[in-house]
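Numbering (my numbering), first residue to last: 6 to 241. Contents: one structure, followed by commentary.
Rendered as structure tokens:
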């Protein structure tokens, strides 16, 4: 018995084309923004923290660390990696946005920003309640334990936000509250000792800037997805 695969319809092909083009454009654009903001705001703190691991006495005398010669190859790789990461995020976020649009929630630039903020809350803000953005020179718990808790928090937060946005009754909204609280009631893994090399002022600034950059980039990603989706760029 021969199985014949039916070719995809023109409408299906157009839909996949729009998803691919929109995600690629938005992901690359957000990746560029991420690389730029990280270069300006986050990278100097990383260089300073690394110096504490090498020579703490010298690092304490420096308010900022000189960047040194501009490394074109390294920064180009940072742009490429950021673009790849946020392109992957763009595909996931756009798939959810398309699902919602099929159920009466149109994809617009404003809606895209809200979707981007939801992505930021899921991927960064909620996990940061238990595991703040880490930097060199800080003591942390077991890596595997932190990864398990992080993945669990992201999953619970993502499902909870979905239930809040699209839930139809108090049972679904109540489940969302439980899911939001569960990872933090369980608690993130903590190190056995609270020792560190880098000063707390530097760690606090790093965490704040990392979260600020993430919010800006995710908002940009959502805005670009909402803008490109119904534009001539997505239609090819």
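For every residue, glycine included, the Cβ atom is placed at its ideal position computed from N, Cα and C.
In this structure, residue 227 and residue 93 do not form a Cβ contact; the two beta carbons are roughly 15 angstroms apart against a cut-off of 8 angstroms. According to the DSSP assignment, residue 234 belongs to no alpha helix (DSSP H), since it is labelled neither H nor E. As for any beta strand (DSSP E) of minimum length 3 sitting wholly inside the stretch 155-212, there is none. With a minimum length of 4 residues, the unbroken runs of alpha helix (DSSP H) contained wholly in the stretch 6-52 fall at 15-42.
The C-alpha of residue 189 is placed about 8 angstroms away from the C-alpha of residue 134. A residue is called buried when at least 16 other Cβ atoms come within 10 angstroms of its Cβ; residue 100 does not meet this threshold and is exposed. Within a 10 Å sphere around the beta-carbon of residue 151 sit 16 or more other beta-carbons, which makes this residue buried.
Rounded to whole angstroms, residue 21 and residue 14 show a C-alpha spacing of 11 angstroms. Taking residue 127 as the centre and dropping the five residues before and after it, the same chain places the C-beta of 159, 162, 163, 166 closer than 8 angstroms to its C-beta, in chain order. Note on geometry: alpha-carbon atoms of residue 206 and residue 47 lie some 14 angstroms from one another. Non-local beta-carbon contacts of residue 232 in its own chain, meaning distances under 6 angstroms to residues more than five positions away in sequence, involve 114 in chain order. Cβ neighbours of residue 118 within its own chain (closer than 6 angstroms, five residues either side excluded): 224, 227, 228. In the structure shown, residue 114 adopts helical secondary structure according to DSSP, grouped into three states.
Using a Cβ distance threshold of 8 angstroms, residue 132 and residue 212 do not count as a contacting pair. Residue 236 and residue 230 have their C-alpha atoms some 10 angstroms from each other. At the C-beta level, residue 86 and residue 219 stay beyond 8 angstroms of one another. Contact between the stretch 166-178 and the stretch 22-39 is absent, with fewer than three C-beta pairs closer than 8 angstroms.
Residue 91 counts as buried, since no fewer than 16 other beta carbons sit within 10 angstroms of its beta carbon. Close CB contacts of residue 102 within its chain, under the 6 angstroms cut and outside five residues either way in sequence, are with 112, 120 (chain order).
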